[in-house]
Amino acid sequence: MLVDSHCHLDFDAFQEDFDGVLARAGDAGVGTMVTICTRLSRFADVRRIAETNANIWCSVGVHPHEAAAEGVDDPAALLELAAHPEVVGIGETGLDYYYEHSPREAQDISFRAHIAAARESELPLIVHARNADVDTMRILREEHAKGPFPGVIHCFTASRQLADAAIDIGLYVSFSGILTFKNATTIQETAAELPIDRILVETDAPYLAPAPNRGKRNEPSFVAHTAAYLAGLRGETAAGIADITTENFFRLFSKAQPPA
Ligand SMILES: [Zn+2]
Ligand SMILES: [Zn+2]
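Structure (structure tokens):
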């Protein structure tokens, strides 16, 4: 069994063939998915998807792109929504200096409020970090010093230093389809060398489809390609990597129940 630890099933890209997407995920061995919240105004839709599908869980949070418009400065709102039984993580949150759709200060404030919610709820923080390695490391370390929190750096594209810093404070690292891209040699080296018990896989669907589907709409079934590629890097079988990453997922996302 495989887990897609990060996808966006509420997005319009899945409107037309939602049932087919889930059927193909099942056929590919994807037994569990987490559909990730990007703004609180979308949370009701995200949660409904989790409530109506036994093998789909959800998160609550505000993407750094939305930090100016909808960012949170107080963990209370997140904690209240996170009490729902379908909510297994806090995020996605973090810093995106590549697009910088929101000012950096707004991203910082919202990121820290999410960390406080993860610390308080003990639900894993789902971190988006793009072109912001130094500040991401600084904030994670400063906040960790106030008290530990579980979490994952999702869709990992950062430096080895950020991966090591994250592992150091107990976080996990999740690899998306980017791992399979020809020019992603640094990410591949990181994926080959990190502690095997801290690695997850994800699609971030509908974005970033792995090879051989690069450029197409991504969907949870494609996580099998990323897992197979990771297996090759690690000298493991595909089944072995599926088992390890699934075990890692349920250790980190401990509120999610494995399928019966
Ligand atoms: Zn992201
Ligand atoms: Zn995402």
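Using the numbering used here, the first residue of the sequence shown is number 5, and each one after it goes up by one.
For every residue, glycine included, the Cβ atom is placed at its ideal position computed from N, Cα and C.
None of the values given here were measured: they were computed from a predicted structure.
Nearest in C-alpha terms to VAL76, of all of VAL50, ALA232, ARG43, is ARG43.
Going by DSSP, THR250 is part of no beta strand (DSSP E) but of the alpha helix (DSSP H) stretching over 242–256. Closest in C-alpha terms to GLU147, from the list SER163, ILE113, GLN165, ALA167, comes ILE113.
Look at ILE40: its beta carbon is less than 6 Å from one of the heavy atoms in ligand 2. With a 10 Å radius around the Cβ and a threshold of 16 neighbouring Cβ atoms, ASN187 comes out exposed. Relative to ligand 2, the beta carbon of GLU206 is positioned no closer than 6 Å to any heavy atom. At a Cβ-Cβ threshold of 7 Å, ALA136 and LEU85 do not count as neighbours. Closer than 6 Å to some heavy atom of ligand 2: that describes the Cβ of GLU96.
DSSP places GLY98 within a strand segment (E or B) once states are collapsed to three. Looking at VAL7, VAL64, SER63, ILE130, the one whose alpha-carbon comes closest to that of MET37 is VAL7. At a cut-off of 6 Å, the beta-carbon of CYS11 does not count as near ligand 1: no heavy atom of the ligand is closer than that. Check the Cα spacing between PRO154 and each of TYR176, THR161, PHE160, ARG134: the tightest is with TYR176. With a cut-off of 8 Å on Cβ pairs, the region 13–28 is in contact with the region 218–230, counting three or more such pairs.
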